[in-house]
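Okay, structure first, notes after.
There are 2 protein chains.
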Amino acid sequence: MTKPPHAGSEGASAPLRSIPEASVARLAVYLRKLGEFAEEGADTVSSDELAAATGVNPAKLRKDLSYIGSYGIRGVGYEVAALVHQLERTLGLNHRQSVALVGIGNLGHALAGYGGFGGRGFPVTALFDVDPDLVGIHINGILVEHVRAIPQVCVDRGVTIGMIATPGQAAQGVCDLLVDAGVRCILNFAPTVLQVPGEVEVRKVDLAVELQVLAFHVARKHVAAAEQTVAVNGHPVNGAGGLLS
Amino acid sequence: MTKPPHAGSEGASAPLRSIPEASVARLAVYLRKLGEFAEEGADTVSSDELAAATGVNPAKLRKDLSYIGSYGIRGVGYEVAALVHQLERTLGLNHRQSVALVGIGNLGHALAGYGGFGGRGFPVTALFDVDPDLVGIHINGILVEHVRAIPQVCVDRGVTIGMIATPGQAAQGVCDLLVDAGVRCILNFAPTVLQVPGEVEVRKVDLAVELQVLAFHVARKHVAAAEQTVAVNGHPVNGAGGLLS
DNA sequence: AGTCGCTTGTGAAGGCGCGCACAAAGTTGC
DNA sequence: GCAACTTTGTGCGCGCCTTCACAAGCGACT
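If you read the protein sequences in the order shown, they are chains A and B.
Mapping the first sequence onto the numbering used here, position 200 (from 1) lands on 200, and the numbers just tick up by one.
For any residue, its number in the numbering used here is found by taking its place in the second sequence, counting from 1, and adding 1000.
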């Protein structure tokens, strides 16, 4: 519909107009895979190769990449180094994003120590909790501070991304503190729907939901298998469990 | 792609015909919120209430619930207890799903100790790793065993769901072992696309991608903010102002 | 130079999910 | 018993995302 009128210009830093949300997530996947290709010494990659490696339809991949500009060479493929650079620029990875993590429980502790973040340009620079036993200790060299210090610390350290790994009841309060401190992007691991102003972006990762979706599929497959068995044995499905109905 | 065409043979308690994936995920959210409502002593809930509490459009919520049958009372709402029961049945939570977790690193350790699983009917019954320092220790009372024991242990304990929290390079091998052991549903935390047979269901949770998507939004907001600032200062973006005035 | 083969970029069609709006159905008050 | 109100269940249009198919562009080979 809305067509960028002069997309071809060297374009300064204007990333682009409205990349579909789904595409952005895949761009990150491409970027990681491209890093692996680069380590293997590949100079160029075709859309078919990269698509196969990331489990995506080749046409979809090309369309995704077309959102950030035309950096492919017809008949050859994409130059790995250049594409990596463009992807990093589009995803905002050329500036380091300072991350604050609130809630140093089981999950939070793991996130604080997770190497996948810092190594990829997301240094966790602040940790918060309310537990007096946790406040004051260091994890990976980062001091755990009290939640009430969020406003001050986040501003001081230029935090741009907040991760919430608290119990559900505490999540909204923590979220409000982060938003007040100027954080505009939040990754929420708590099983709660956060209320935020319109300009704040929230992504939710809900491990319990993921498992329950899988459980649903287990049940489906189980039913399918049972129907197969029943077809052989000639018995109706119901009444076996006794737990329900 | 394989669709059971004859699923609708008898409508009694036949779970359903093909609930959209997106709806299944929301059903799990509804279920959790309904649990909270039940604890507060609510007998019935209207779609508007539940929708507001879960941050969903009321019509969408009703449509989601209609996939599992008509358990609402017009003019009144949904009976909480009955709806919880139906949701649990649909999501396969009436049987316990035995979960195996492979990869006891930072994240795996947290997942092993995460209370949100066992309490919700997903007991983690097996832990695996390859690190000799980890094999043999107990976490939350569960013994960590060597990855090579996966085939035996998973069959013995009736594991239905596997969680992979290994480094990316090890993920595919572990996945193959799980699939061979009869596991049909896998939750993958490793940054890798898993190749699996068609009947195996894989869900991927990619923390690095989540952060990068947020970084993208940070960048976008940053650009927007910069444009605002420019507008306030009265400087045109492209530097052509002098010509016009 | 010209042709051939390969790969990108994209127009267009199809599918899916979202949300509006309304009919159906049940409850409450009189 | 009837009317008015409340809330569910769903048909339908709309927009986004996916996918196909093909023209355009680039390099290699002769």
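Glycine is no exception: its CB is placed at the ideal position from the N, C-alpha and C atoms.
Can you tell me which of the three DSSP states residue i falls into?
i	result
A/Arg62	helix
B/Asn1188	strand
A/Glu40	coil
B/Phe1128	strand
B/Tyr1030	helix
B/Ala1165	coil
B/Glu1199	coil
A/Ala12	Low local confidence applies: a pLDDT of 36 at A/Ala12 is under 50, so the model's placement there is unreliable, and no value is given.
B/Ala1142	The sequence shown places Ile at residue 1142 of chain B, not Ala. Here B/Ile1142 sits in strand by DSSP.
B/Ala1219	helix
A/Ile73	strand
A/Met1	The pLDDT assigned to A/Met1 is 36, lower than 50, so where the model puts this residue is not dependable; a value taken from the coordinates is nonetheless given after this. In this structure, A/Met1 counts as coil in the three-state DSSP scheme.
B/Ser1018	coil
A/Leu101	strand
B/Pro1236	Residue placement at B/Pro1236 is poorly supported in this model, since its pLDDT is 44, which falls under 50; the coordinates are not used for a value here.
A/Val159	strand
B/Val1024	helix
A/Val56	coil
B/Val1174	helix
B/Leu1135	Inspection of the sequence shows that residue 1135 of chain B is occupied by Val rather than by Leu. Coil at B/Val1135, not helix or strand.
A/Val84	helix
B/Val1209	helix
A/Ala7	A caution first: A/Ala7 carries a pLDDT of 35, below 50, which makes its placement in the model unreliable, though a value can still be read off. Reduced to three states, the DSSP call for A/Ala7 is coil.
A/Val253	Outside the modelled stretch of chain A, which goes from 1 to 245, sits residue 253 of chain A, for which no answer is possible.
Closest Cβ-Cβ distance between residue i and chain A: below 7 Å?
i	result
B/Gly1113	yes
B/Cys1185	yes
B/Glu1227	no
B/Thr1044	no
B/Gln1212	yes
B/Gln985	The shown model of chain B, from 1001 to 1245, leaves out residue 985 of chain B, and the question about it has no answer.
B/His1217	yes
Does any CB atom of chain B fall closer than 7 Å to the CB of residue i?
i	result
A/Phe189	no
A/Asn57	no
A/Thr166	no
A/Gly92	yes
A/Glu247	The displayed coordinates of chain A run from 1 to 245. Any statement about residue 247 of chain A would go beyond what the structure contains.
A/Thr192	no
A/Ala7	With a pLDDT of only 35 at A/Ala7, under the threshold of 50, the placement of this residue in the model should not be trusted; the figure read from the coordinates follows. Not one chain B Cβ lies under 7 Å of A/Ala7.
A/Lys60	no
Distance, Cα to Cα, residue i vs residue j?
i	j	result
A/Ala53	B/Val1193	8 Å
A/Cys154	A/Gly182	8 Å
B/Gly1039	B/His1085	Position check: residue 1039 of chain B holds Glu in this sequence, whereas Gly was assumed. Going from the Cα of B/Glu1039 to the Cα of B/His1085 covers about 15 Å.
A/Leu91	A/Val56	19 Å
A/Glu199	A/Leu101	20 Å
A/Asp133	A/Gly105	11 Å
A/Val218	B/Arg1203	13 Å
A/Arg62	B/Pro1197	26 Å
B/Val1159	B/His1146	16 Å
A/Leu34	A/Asp48	13 Å
B/Phe1117	A/Gly69	43 Å
A/Val205	A/Ala82	32 Å
A/Ala42	B/Phe1122	43 Å
B/Ile1073	B/Glu1079	8 Å
A/Ser98	A/Leu143	15 Å
B/Ala1110	A/Ala110	6 Å
A/Ala225	A/Leu65	41 Å
A/Tyr67	B/Glu1227	21 Å
A/Phe128	A/Gly115	19 Å
B/Thr1125	B/Val1223	48 Å
A/Phe216	A/Arg157	43 Å
B/Ala1022	B/Val1135	38 Å
B/Leu1177	A/Gln195	42 Å
A/Pro20	A/Gly103	31 Å
A/Gln172	A/Arg148	14 Å
A/Ser245	B/Arg1089	Annotation note: pLDDT 30 at A/Ser245 (below 50); position unreliable, no value reported.
A/Arg96	B/Arg1096	44 Å
B/Phe1189	B/Ile1137	22 Å
A/Glu36	A/Ala51	14 Å
B/Arg1120	B/Gln1169	31 Å
B/Arg1184	A/Gln152	48 Å
Say yes only if the C-beta of residue i is nearer than 6 Å to one or more non-hydrogen atoms of the ligand GTP, and no if none qualify.
i	result
B/Asn1057	Here there are no bound small molecules, and the ligand GTP is not part of this structure.
Write down the C-beta distance between residue i and residue j rounded to the nearest angstrom, noting that I regard them as a contact closer than 8 Å.
i	j	result
A/Asn140	A/Ala112	6 Å
B/Gly1075	B/Ala1165	Wrong, their Cβ atoms sit about 48 Å apart, outside the cutoff.
A/Pro191	B/Arg1032	6 Å
B/Leu1187	B/Ile1150	Their Cβ separation, rounded to whole angstroms, is 15 Å, which puts B/Leu1187 and B/Ile1150 out of contact at 8 Å.
A/Glu201	B/Leu1087	Wrong, their Cβ atoms sit about 29 Å apart, outside the cutoff.
Pair every Cβ in the region 21 to 30 of chain A with every Cβ in the region 1202 to 1212 of chain B, then say whether three or more of these pairs are closer than 8 Å. With a cut-off of 8 Å, the region 1202 to 1212 of chain B and the region 21 to 30 of chain A count as touching, because enough Cβ pairs lie within range.
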